[in-house]
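K.L.:
The structure that follows is given in the form of structure tokens.
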Amino acid sequence: QKEVEQNSGPLSVPEGAIASLNCTYSDRGSQSFFWYRQYSGKSPELIMSIYSNGDKEDGRFTAQLNKASQYVSLLIRDSQPSDSATYLCAPCSGGYNKLIFGAGTRLAVHP
Amino acid sequence: DGGITQSPKYLFRKEGQNVTLSCEQNLNHDAMYWYRQDPGQGLRLIYYSQIVNDFQKGDIAEGYSVSREKKESFPLTVTSAQKNPTAFYLCASSIAPSETGFENEQFFGPGTRLTVL
């Protein structure tokens, strides 16, 4: 059974701090990785994709990938209360754009 | 205005009834997916379709059925055989995997919340 592990949280950070969200996955064949943000009661929205080892930056978000360690992370700089949500890690596994979702990490940014 | 629509937003079902959830997209995406989300859990794949008139079972297909007669539409039927159907149902779509072999991101509709009475 292919698995994705995330710390369920809540991860509580003060406004303006860096939030670090981590994810490990079991399928060594995964080549594409996605981070989604899900507000309570809403559907997931894509915030980052990463395909190669290393860092990828987009605004306040940085995704980091280490395929050898089967580890992917998301850093949120200058965290805002509006970033408070559940963040879902989703490696692609088994081809055909099939995503395997972790249970998510709940982030709480307090003023 | 491109996007994915799901209807209804809320659905109540009596035990023993079949219900159909609608999913429509105007993004010209080839692939469509149905997921189920239970409280505090990640999304689990029910069915997916890469092309019209073809679909495959996901990890939890028992008690569900789908059809893909049009590129734009991928309805999901929750049958009476599904023992615990109360959940948040999400439809997604994506373009086909690229020729480079990298998969492409999925975009989600707003979801349907199904409750069994």
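Each protein sequence line maps, in turn, to chains B and R. With our numbering applied, the first sequence corresponds to residues 95 to 205, in that order. With our numbering applied, the second sequence corresponds to residues 117 to 233, in that order. All residues carry an ideal CB built from backbone N, CA and C; glycine is no exception.
1. Throw me the rounded Cβ distance for the Ala212 (chain R) and Gln166 (chain R) pair, which I believe falls under 8 Å.
2. Using a threshold of 8 Å, state whether the C-beta atoms of Leu159 (chain R) and Pro201 (chain R) are closer than that.
3. Put Ser178 (chain B) into one of helix, strand or coil per three-state DSSP.
4. Taking Ile194 (chain B) as the reference, give the member of B:Ala157, B:Thr118, B:Ala113, B:Pro104 with the closest Cα.
5. Can you pull the chain R neighbours of Leu182 (chain B), defined as C-beta to C-beta under 9 Å?
6. Just how far apart, CA to CA, sit Gln222 (chain R) and Ile141 (chain B)?
7. Which residues of chain R have a Cβ atom closer than 9 Å to the Cβ of Asn116 (chain B), listed in chain order?
8. Examine the Cβ distances between the region 186 to 201 of chain R and the region 124 to 143 of chain R and report whether three or more of them are shorter than 8 Å.
9. Excluding sequence positions up to five away, which residues of its chain have a Cβ less than 7 Å from the Cβ of Thr121 (chain R)?
10. Does any C-beta atom of chain R lie closer than 8 Å to the C-beta of Tyr119 (chain B)?
11. Between which two residues does the beta strand (DSSP E) containing Val232 (chain R) stretch?
12. Specify the secondary structure class of Tyr190 (chain B) as computed by DSSP and reduced to three states.
13. Go through the region 109 to 162 of chain B residue by residue and report every complete run of the alpha helix (DSSP H) that reaches 4 residues or more, in order.
14. The beta strand (DSSP E) with Ser138 (chain R) in it runs from where to where?
15. Identify the residues that DSSP records as bridge partners of Ile170 (chain B): which are they?
16. Please confirm if Tyr126 (chain R) has its CB atom under 8 Å from at least one CB of chain B.
17. Roughly how many whole angstroms lie between the Cα atoms of Val168 (chain R) and Glu219 (chain R)?
18. Looking at the strands, I want to know which residues DSSP matches up with Ala203 (chain R).
19. Return the chain-ordered list of same chain residues with a C-beta closer than 6 Å to the C-beta of Cys123 (chain R), the five sequence neighbours on each side being excluded.
20. Looking at chain B, is there any beta carbon in it that lies within less than 8 Å of the beta carbon of Leu206 (chain R)?
P.N.:
With the structure as the only source:
1. Here residue 212 (chain R) corresponds to residue number 96 of the second sequence, with the count starting at 1. Here residue 166 (chain R) corresponds to residue number 50 of the second sequence, with the count starting at 1. Contact between Ala212 (chain R) and Gln166 (chain R) holds, with the beta-carbon distance rounding to 7 Å and staying under 8 Å.
2. Stepping through the second sequence from its first residue, residue 159 (chain R) is reached at position 43. Stepping through the second sequence from its first residue, residue 201 (chain R) is reached at position 85. By the CB criterion at 8 Å, Leu159 (chain R) and Pro201 (chain R) fall outside the cutoff.
3. To locate residue 178 (chain B), count along the first sequence from 1; it is residue 84. The DSSP-derived three-state label of Ser178 (chain B) is coil.
4. If you number the first sequence from 1, residue 194 (chain B) lands on position 100. Of B:Ala157, B:Thr118, B:Ala113, B:Pro104, the smallest CA-CA separation from Ile194 (chain B) is found for B:Thr118.
5. Residue mapping note: residue 182 (chain B) aligns to position 88 of the first sequence, counting from 1. By Cβ distance, chain R contributes Gly158, Leu159.
6. Taking the first residue of the second sequence as position 1, residue 222 (chain R) is located at position 106. Taking the first residue of the first sequence as position 1, residue 141 (chain B) is located at position 47. Going from the Cα of Gln222 (chain R) to the Cα of Ile141 (chain B) covers about 11 Å.
7. One-based indexing of the first sequence puts residue 116 (chain B) at position 22. Residues of chain R passing the Cβ test: none, with the nearest at roughly 15 Å.
8. Flag = yes, the region 186 to 201 of chain R and the region 124 to 143 of chain R touch.
9. For this step, residue 121 (chain R) is matched to residue 5 along the second sequence. Counting only Cβ-Cβ distances below 7 Å, and skipping sequence neighbours, we find Glu140, Gly225.
10. For this step, residue 119 (chain B) is matched to residue 25 along the first sequence. No, no contact with chain R.
11. Position 116 of the second sequence, counting from 1, holds the residue named residue 232 (chain R). The continuous beta strand (DSSP E) containing Val232 (chain R) extends over residues 228 to 232.
12. By one-based count along the first sequence, residue 190 (chain B) stands at place 96. Assignment of Tyr190 (chain B) by DSSP, reduced to helix, strand and coil, places it in the coil class.
13. Whole alpha helix (DSSP H) segments, 4+ residues: zero.
14. The residue given as residue 138 (chain R) occupies position 22 in the second sequence. 135 to 141 is the extent of the beta strand (DSSP E) around Ser138 (chain R).
15. Locating residue 170 (chain B) in the first sequence gives position 76, where the first residue counts as 1. Among the bridge pairs identified by DSSP, Ile170 (chain B) is matched with B:Ala113, B:Phe155.
16. Taking the second sequence and counting its residues from 1, the one referred to as residue 126 (chain R) is at position 10. Closer than 8 Å: no.
17. Taking the first residue of the second sequence as 1, we reach residue 168 (chain R) at position 52. Taking the first residue of the second sequence as 1, we reach residue 219 (chain R) at position 103. Distance between Val168 (chain R) and Glu219 (chain R), taken at the CA atoms: about 19 Å.
18. For the purposes of this step, residue 203 (chain R) is identified with residue 87 of the second sequence, where counting begins at 1. For Ala203 (chain R), DSSP records a beta bridge to R:Leu230.
19. In the second sequence, counting from the first residue as 1, residue 123 (chain R) sits at position 7. Correcting the residue type first, residue 123 (chain R) is Ser in the shown sequence and not Cys. Closer than 6 Å at Cβ, skipping near neighbours: Ser138.
20. Position 90 of the second sequence holds residue 206 (chain R). Interface residue, yes.
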